[in-house]
Amino acid sequence: MGMDTDYLVVGAGASGLAFADTLLAEADVAVTLVDRREAVGGHWRYAYPFVRLHTPSAFYGVNSLALGEDRIDQTGENEGFYERATGEDVREYFAGVAERLTGSGRARLLLHHEHLGGGPDGERVRDLATGEVHDVRVRRKVVDARYLEASVPATHVPPFEVAPTARVVPVNALPDVIRPGAIYAVLGSGKTAVDACVWLMDNGVEPDRIRWIRPRDAWFHDRRHFQPRELVAGVIEGLALDAEAGATASGISDVVERLESTGRLLRIDTSWPATMYRGTMLSFRELDAVRQIKDVVRLGHVRRIEADRILLDHGEAPTGADVVHVDCAAFGLNNAPGTPIFQQPRIVLQQVRHLSPCFNAALIAFVEVHRDDDADKNRLCPPNPYPSRIEDWPGMMARTWRAEGRWLRESDVSAWVAGSRLNLLRDLPEHAGEPAARAAVERFVTNVPAAIEVLGRLSASPPGVASQAGH
Ligand SMILES: Cc1cc2nc3c(=O)[nH]c(=O)nc-3n(C[C@H](O)[C@H](O)[C@H](O)COP(=O)(O)OP(=O)(O)OC[C@H]3O[C@@H](n4cnc5c(N)ncnc54)[C@H](O)[C@@H]3O)c2cc1C
Numbered sequence: 001m002g003m004d005t006d007y008l009v010v011g012a013g014a015s016g017l018a019f020a021d022t023l024l025a026e027a028d029v030a031v032t033l034v035d036r037r038e039a040v041g042g043h044w045r046y047a048y049p050f051v052r053l054h055t056p057s058a059f060y061g062v063n064s065l066a067l068g069e070d071r072i073d074q075t076g077e078n079e080g081f082y083e084r085a086t087g088e089d090v091r092e093y094f095a096g097v098a099e100r101l102t103g104s105g106r107a108r109l110l111l112h113h114e115h116l117g118g119g120p121d122g123e124r125v126r127d128l129a130t131g132e133v134h135d136v137r138v139r140r141k142v143v144d145a146r147y148l149e150a151s152v153p154a155t156h157v158p159p160f161e162v163a164p165t166a167r168v169v170p171v172n173a174l175p176d177v178i179r180p181g182a183i184y185a186v187l188g189s190g191k192t193a194v195d196a197c198v199w200l201m202d203n204g205v206e207p208d209r210i211r212w213i214r215p216r217d218a219w220f221h222d223r224r225h226f227q228p229r230e231l232v233a234g235v236i237e238g239l240a241l242d243a244e245a246g247a248t249a250s251g252i253s254d255v256v257e258r259l260e261s262t263g264r265l266l267r268i269d270t271s272w273p274a275t276m277y278r279g280t281m282l283s284f285r286e287l288d289a290v291r292q293i294k295d296v297v298r299l300g301h302v303r304r305i306e307a308d309r310i311l312l313d314h315g316e317a318p319t320g321a322d323v324v325h326v327d328c329a330a331f332g333l334n335n336a337p338g339t340p341i342f343q344q345p346r347i348v349l350q351q352v353r354h355l356s357p358c359f360n361a362a363l364i365a366f367v368e369v370h371r372d373d374d375a376d377k378n379r380l381c382p383p384n385p386y387p388s389r390i391e392d393w394p395g396m397m398a399r400t401w402r403a404e405g406r407w408l409r410e411s412d413v414s415a416w417v418a419g420s421r422l423n424l425l426r427d428l429p430e431h432a433g434e435p436a437a438r439a440a441v442e443r444f445v446t447n448v449p450a451a452i453e454v455l456g457r458l459s460a461s462p463p464g465v466a467s468q469a470g471h
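Here the numbering used here is used: position 135 in the sequence shown is 135, and no number is missing along the way.
Take a look at the structure:
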């Protein structure tokens with residue numbers, strides 16, 4: 001069977017959908033989205049049952065459709081902050097997005113189909129139900145919306161061996177295995193591990209029955225700095241702290257110390273050096289909860305779990321038949337190296353503004369439609385890899401601010417950014433007159449030129465320097 005399309009988008013996760021949504025809003029084109037999975041939504045299809053967005057719903061998803069109702073939660077760990085969709089909410093939302101896209105009459109979904117690459121008669125796509133291979137003739141571009149494909153515990157291969165007698169479950173199975181008297185060993189350092197620990201405690205497990213195996217300690221952001229709409233002053237306050245710390249930093253350790261001292265960065269154990277940074281955020285309630293866990297094993301990555309011991313990079317820890325080992329060790333964000341986003345005739349979706357996957361995919365679609373020259377498009381959309389270590393923070397911020405400066409000088413791009421629901425700063429102009437917001441804007445604007453220069457320089461620092469931070 002032959003097919004044709006203007007754009008073939010490979011991957012129907014958040015990035016592919018956000019790209020297609022803006023592309024169709026800006027241009028009269030035909031789009032085909034292909035995904036191996038049986039439904040859209042990417043990794044959210046396999047999210048653990050108690051997952052929520054770590055960012056507010058208000059700026060997540062696709063540009064043309066709101067997610068949630070922009071309510072501020074009145075109770076719970078997110079009290080006082082904008083609502084965060086559950087995994088189920090996100091899946092339903094993306095299903096609705098898929099209906100809207102196909103309802104436009106200009107989008108086609110090829111689900112349960114795998115993209116195999118280019119062939120002599122077009123892009124080759126295999127129907128995973130029948131094994132049949134089809135050629136898709138692409139008139140304009142192939143869009144790689146899987147370059148930064150996420151890895152989650154339900155679908156990854158654990159990076160350690162498990163002896164047949166050991167009990168290891170992915171975090172998804174936690175609600176099925178919780179039982180009185182059990183001991184839990186949570187494996188992983190990031191947000192998923194935090195969620196697992198908090199969920200266990202919320203479900204009656206005493207902190208002293210949780211052992212936390214943390215290969216690296218992580219830096220987190222305070223959720224108050226990522227609140228949109230009425231609370232947007234907190235976002236610009238956070239960015240002002242970044243710019244101030246960056247403008248005068250003498251090194252990576254110094255900038256991290258400044259960020260921690262102002263509350264911009266948080267770590268669970270302030271007596272232990274944190275090295276990992278994935279750009280995730282916590283509330284103080286989550287932080288207080290996980291700080292109650294005192295049994296922390298820091299012997300590097302897990303290599304093998306046996307019936308009575310866990311073998312790690314730097315030693316071993318005892319375990320037992322009554323211990324449920326909870327795998328939260330998937331990599332999550334994919335920090336593949338940056339590559340040009342516009343590569344005639346391909347587009348490789350990546351981060352441009354830091355930590356904003358949906359916004360970036362939509363922005364790239366806007367630029368694709370409204371600029372002709374790939375060099376110009378790449379100037380507006382330089383790649384900005386996801387961070388893994390705190391040493392990645394300076395370069396990531398400098399790249400964001402350089403790109404944002406370029407958008408501001410192009411009236412159509414800056415107008416699109418200003419109006420996009422995916423832009424967490426969208427409501428800043430309305431609040432810019434408030435004293436706190438006005439002061440933060442001034443501090444940001446004053447410091448950002450020097451911060452770009454200093455952080456750009458620091459991003460070239462040798463790895464390992466930041467491991468001194470916080471001693
Ligand atoms: C647990 C978790 C929570 C997160 N929370 C937030 C949050 O709160 N806010 C935020 O901004 N970001 C968050 N993120 C970041 C997240 O990565 C993005 O929000 C987004 O969902 C990633 O979407 P994606 O489309 O880039 O990747 P994915 O969701 O991984 O989708 C990639 C798709 O490509 C498909 N694919 C790959 N290869 C092929 C092929 N050859 N042929 C066909 N299909 C293929 C896959 O099947 C998959 O569906 C979170 C990430 C994780 C893991």
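Here a beta-carbon is modelled for each residue, glycine too, at the ideal position from N, C-alpha and C.
Annotation for proline 357 indicates a beta carbon within 7 Å of some heavy atom of ligand 1. Under the DSSP assignment, isoleucine 252 falls outside any beta strand (DSSP E), being part of the alpha helix (DSSP H) whose first and last residues are 252 to 261. Residue pairing for glycine 332: DSSP places it in a beta bridge opposite Ser151. Using a Cβ distance threshold of 8 Å, valine 413 and tyrosine 147 do not count as a contacting pair. Here the alpha carbons of isoleucine 364 and aspartate 4 stand approximately 22 Å from one another.
Following the DSSP letters along the chain, one finds histidine 134 inside the beta strand (DSSP E) bounded by residues 133 to 144. Taken through DSSP and simplified to helix, strand or coil, arginine 291 comes out as coil. With a minimum length of 4 residues, the unbroken runs of alpha helix (DSSP H) contained wholly in the region 430 to 461 fall at 435 to 458.
Rounded to whole angstroms, the Cβ separation of aspartate 217 and serine 189 is 7 Å, and the two are in contact under 8 Å. Excluding the 5 residues flanking it on each side, aspartate 269 has same chain C-beta neighbours closer than 8 Å at Asp217, Arg291, Val296, in chain order.
Scanning its chain for C-beta atoms nearer than 7 Å, with the 5 sequence neighbours on each side dropped, one finds around tryptophan 393 the residues Tyr277, Pro387, in chain order.
At the C-beta level, phenylalanine 59 and isoleucine 72 stay beyond 8 Å of one another. DSSP places threonine 102 in the helix class (H, G or I) of the three-state scheme.
Out of Leu231, His156, Val256, Ser283, the CA that lies nearest to the CA of histidine 54 is found in Ser283.
Around the Cβ of arginine 179, a 10 Å sphere holds fewer than 16 other Cβ atoms; the residue is exposed. The count of Cβ pairs closer than 8 Å, one atom from the region 399 to 418 and one from the region 442 to 452, reaches three, so the stretches are in contact.
Counting the other CB atoms within 10 Å of its CB gives valine 136 a total of 16 or more, which places it among the buried residues.
The beta-carbon separation of leucine 422 and asparagine 63, rounded to 6 Å, stays under the 8 Å limit for a contact. Residue nearest to glutamate 453 within the set Pro429, Gly433, Thr400 is Thr400 (criterion: CA-CA distance).
In the structure shown, tyrosine 386 adopts coil according to DSSP, grouped into three states. At least one heavy atom of ligand 1 sits closer than 7 Å to the Cβ of serine 15.
Counting C-beta pairs closer than 8 Å gives fewer than three between the region 165 to 185 and the region 256 to 275, which falls short of the contact rule. The alpha-carbon separation between glycine 204 and isoleucine 310 amounts to approximately 26 Å. Considering only Leu312, Asn334, Val168, the residue with the shortest C-alpha distance to valine 323 is Val168. Going by DSSP, histidine 354 is part of no alpha helix (DSSP H) at all; its letter is neither H nor E.
Between the C-alpha atoms of isoleucine 293 and arginine 108 there is a straight-line separation of about 49 Å.
Here the alpha carbons of alanine 233 and histidine 325 stand approximately 41 Å from one another.
Taking a 10 Å sphere around the C-beta of aspartate 21, we find 16 or more other C-beta atoms and assign the residue as buried. For valine 157 against isoleucine 305, the beta-carbon gap comes to about 14 Å, at or over 8 Å, which does not count as contact. Within a 10 Å sphere around the beta-carbon of proline 120 sit fewer than 16 other beta-carbons, which makes this residue exposed.
In this structure, Arg139 is the residue among Asp208, Asp254, Arg139, Phe226 with its C-alpha nearest to the C-alpha of aspartate 6. Annotated three-state conformation of isoleucine 72 is strand, per DSSP. Linking histidine 43 to alanine 150 through their CA atoms gives a straight-line distance of about 6 Å. Contact annotation: alanine 245 and phenylalanine 444 have beta-carbon atoms that are not nearer than 8 Å. Counting along the chain, glutamate 114 sits inside no alpha helix (DSSP H); it lies in the beta strand (DSSP E) bounded by residues 113 to 119. When the Cα atoms are used, glutamate 26 and phenylalanine 19 turn out to be separated by approximately 11 Å.
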